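Quick note, the sequence shown lines up with residues -34 to -1, 1 to 851 if you use mature numbering (1 follows the signal peptide of the UniProt record, and there is no 0).
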Amino acid sequence: MGPHKSFWRRAMAGAAVMFATAVGLVAGPTAAHAAVNCQVTYTKSWEGGGGFGGEISIRNTGDPLSNWTLTFPFPSGQRVSNGWNGEWSQSGSNVTVRNASYNGSQGTGATFSVGFNGTYSGTNTNPSSFAINGTPCNGGQNQTPSLVVTPTSVTVPEGGTATYSVRLSSAPSSNVTVTTTAGSGDSDLSVASGGSLSFTTSNWQTAQTVTLRAAQDSDTTNGTRTFSVAASGITPVTVTATEADDDTSQGTQSLLVSPTAVPVPEGGTASYTVRLAIAPTGNVTVTNTAGSGDSDITVSSGGSLTFTTSNWQTPQTVTLAAAQDSDTTNGSRTITVASSGLNSISVTATEADDDTSQGTQSLVVSQTAVTVPEGGTASYTVRLAIAPSGSVTVTNTAGSGDTDITVSSGASLTFTTSNWQTPQTVTLAAAQDSDQTNGSRTINVASSGLTSVAVTATESDDDGGTTPTRVDNPYVGATGYVNPDWSSKAAAEPGGTRVSNYSTGVWIDRIAAIAGTSTAMGVKAHLDEAVRQDAANGSSAVTIQFVIYNLPNRDCSALASNGELKISENGLARYKAEYIDPIAAIMADPAYRNLRIVNIIEIDSLPNLVTNTNIAACAEAQSSGAYVQGVQYALNKLYPLGNTYNYIDAAHHGWLGWDTNFGPSAELFASTIRGTTAGFNSVTGFITNTSNYSALTEPYFTVNGTVNGQQIRQSRWVDWNMYIDELTFAQAFRTRLVSLGFPSTIGMLIDTGRNGWGGSARPSGPSTSTDLNTFVNQSKVDRRIHAGNWCNQSGAGIGERPRANPATGIDAYVWIKPPGESDGASQEIPNDQGKGFDRMCDPTYGGNALNGNNPTGALPDAPIAGAWFSAQFRQLMANAYPALS
């Protein structure tokens, strides 16, 4: 799905500027401390208006630490305003950070970090001298960088390529040329591209790719070769490349068959391939013989194959056929692949039967909802489920409804013992008229003694008229579109009918989703269904919600929900031509003009340009302008349609809630949308908490409260954030946007599909503890271990039900992320949707800096992002707040 979440982001804003300030010095032990050896990296995360932020990453390369104190001087009189992950103090220019209660123990090799916001006047020179427990971690800005090569062991498939990346560890004083040179070893392995890379003072931290190639050969050896990655004055790094040979390693002949289990559709064909493992000395004949089993399955072609010294490695195809029959059995048959002197291979072929398993007669109608263009026709098909004992007449009769819709052909169909399984066509017509109504009519498909089937036909009106005037809030007075794909899955779960008729978002998370797949409806099919629902709901409009989610380098700071398009591979042009243009063309169809089409524009895109440009994919999105241009293009194409309502993703309070993220994000949104053709009018509003779990409200404490003299904001959970819930954050963000020029009519949406946090773990009142962190942890209704946890959260529940105008400035509570759809796989699962594996979805993972190195709180056994996750859905229902009835 796209679907996803958002990482929790520390308070950063602006373009990230990173440079290493230390490589580490070994110091002898003192009376007070064990031997300390440390590496420090200082990151200036944002700067502007006399303020700035910093992140300091420390790697312990010495003895284990039971506690630590970091000290460093500011060279230009900077002052720390607030800090995190430690106890901060400052005397003059000297800054001291003592470990917090939870991060004092750091083993050898451990990396931990602290961060702060500060102020300066005049210059803001970076600190360059750091110490841990009094032992210097010296290095300086102008140190000689080292080569960072990942990985240093590469497997290259024979006839294919593999890559590794190279960057510098710190900023160089001048340009650095890095070469990759092939050394001794298998000469089939060579450098295909990236043999010479140039790093500058501005791109040193951006990884560049070296591609290795393995030539096709006929040997059976997995050869190896070393490659030296080197630059003048820098210690070289050796990469070992190993060829993954595609010939047999035994050097003996064998049959290679793929696959060895084949489903064959009844009345159709399927195939497998055969080749030899190594070159033969002469011609080899391979036979494919049907053995015992279902005699309906036969070898239709490829029964005898000949392999020579020149074509032995080219797979040849064997085609199997399954005859049409009237039984209901998925029979199977073994096909033996054999050649003289070689071990034979068995292929199991199974018939995929298309007859009913019950053995009772019924009418099979291809679709029960049909859109008929005014002045045109549309059709559906009918057949019988099993062979009849005699001729059967099926009638198609127009019932009540719009009399402009009629049965133009196929009103009476005859099925016999020989044609019962052949679909016959019924054609409907919609007469040209002058009204502007998308009328509907029921067509009754019937036959004596059988259960009739109702087909709902809806006219797609083509009269001029005008698209209904765009309203201020598309949710007011409207019925939410119920997605049949999601609704059927929800209803199939125990108790799922309690929520299966709520409106949820339709995610268009890849180009293939526009047309639809074998398991999911496409954009047109959803809109057609929305028209049908509109015709059935009386005078109320229907609001249908689409998620536009396929920017190149999508979700650049994540892994579980990465997309198919890459900026470096002409992704922006493809996004415009192959993604946005077709969507806009479909939505522009006059048949849909009475619908209110809400578009949620690009989850987790623009906020990444504020907080995560230290990540290469995000830096590329910023420097290329792809995110901004992509969003602007989408708005420019979708807004003019007249019945579209565009909402821009605005992350959530646990990402943008710090003042250093809050303002810059609002300003980026303003500048982006100001650059569209319609300017601020091109958006109806913004949405927060999409696919996230942040509580709507925290009823038992406030962000400005205190516990035992300490501010709530100081707690580990709040971590100096300005907000503790989504409602307050969304309302405040709207106010800031209006101050930047957006019209006062803009509204906010909040995704409440999974932020209910009910059940037995929900607190019933504030804690009585006088310890700050204990008070907050016991009082908060958001039961996540850390606010940075976002994937398939254990304990989460369905939140407020979708409804319009629930609070001041809020257009609606919505379920954009459909409850029950996974955020990401809990382990690596190969897929063709570009969705990777993120350890934040692994319940065994101990976390990282983005979640304070806490457990992830993710549910086990999760499928890839967007796939149905039954266990999660049942938990969400059980922990719903308000509770389901």
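For every residue, glycine included, the Cβ atom is placed at its ideal position computed from N, Cα and C. Every value quoted in this text rests on a predicted model; they were computed, and no experiment measured them.
The three-state secondary structure of R299, taken from DSSP, is strand. At a Cβ-Cβ threshold of 8 angstroms, A833 and L825 do not count as neighbours. In the DSSP annotation of this structure, the continuous segment of the alpha helix (DSSP H) that includes D494 starts and ends at 489 to 502. Around the beta carbon of P138, 16 or more other beta carbons sit within 10 angstroms, so the residue counts as buried.
Taking a C-beta distance under 8 angstroms as the contact criterion, A491 and S406 do not qualify as a contact pair. Rounded to whole angstroms, the Cβ separation of Y613 and V564 is 7 angstroms, and the two are in contact under 8 angstroms. For P231 and P389, the gap between their C-alpha atoms comes out near 17 angstroms.
In this structure, DSSP gives R750 a state outside helix and strand, which the three-state scheme calls coil. When the beta-carbon positions are compared, V330 and N362 stay at least 8 angstroms from each other. One thing to note: T253 has its Cβ no nearer than 8 angstroms to the Cβ of S266. Each of S94, S47, L31 was checked against the Cα of T74, and the nearest Cα belongs to L31. Considering only T129, Q744, L493, W473, the residue with the shortest C-alpha distance to S426 is L493. Spatial neighbours of V373 in its own chain (CB-CB distance under 7 angstroms, excluding positions within 5 residues in sequence) are listed in chain order as N362, A364, V392, L394, I409.
V284 and S220 have their C-alpha atoms roughly 17 angstroms apart. Taking each of F512, A616, T380 in turn and checking the Cα distance to I566, the smallest one comes out for F512. DSSP places K542 in the helix class (H, G or I) of the three-state scheme. With a threshold of 16 other beta carbon atoms within 10 Å, T146 meets it and is buried. No residue range can be given for S506, since it is assigned to no alpha helix (DSSP H) and is classified by DSSP as neither H nor E. Per DSSP, F741 lies in no beta strand (DSSP E); the unbroken alpha helix (DSSP H) holding it starts and ends at 738 to 745. Taken in chain order, the complete alpha helix (DSSP H) segments of 4 residues or longer contained in the region 410 to 480 are 450 to 458. With a minimum length of 3 residues, the unbroken runs of beta strand (DSSP E) contained wholly in the region 172 to 260 fall at 174 to 180, 190 to 197, 200 to 210, 221 to 224, 227 to 231, 235 to 242, 250 to 259. DSSP assignment within the region 550 to 623 yields the following whole alpha helix (DSSP H) runs of 4 residues or more, N-terminal first: 574 to 577, 582 to 590, 592 to 604, 619 to 622. Cβ neighbours of D152 within its own chain (closer than 7 angstroms, five residues either side excluded): G189, T190, R191, E209. I782 carries a coil assignment under DSSP once its states are collapsed to helix, strand and coil.
Following the DSSP letters along the chain, one finds G365 in no alpha helix (DSSP H) but inside the beta strand (DSSP E) bounded by residues 358 to 367. With the rule of 3 Cβ pairs closer than 8 angstroms, the region 757 to 775 counts as touching the region 724 to 731.
Per the DSSP secondary-structure output, V80 pairs in a beta bridge with I22. Exclusion of the five residues before and after Y605 leaves N612, A644, S648 as the residues of its chain whose Cβ lies within less than 7 angstroms of its Cβ. The criterion of a C-beta distance shorter than 8 angstroms is not satisfied by V465 and Q499. Looking at the DSSP output, N797 bridges to nothing. For Y593 against L572, the beta-carbon gap comes to about 6 angstroms, under 8 angstroms, which counts as contact. Counting only the Cα atoms, F646 lies some 11 angstroms from S710. Contact between G775 and G713 is confirmed by a C-beta separation of about 7 angstroms, below the 8 angstroms threshold.
With a cutoff of 8 angstroms on beta-carbon distance, W621 and N48 are scored as not near each other. Across the set W12, I24, G14, the C-alpha of I24 shows the shortest separation from the C-alpha of Q5.
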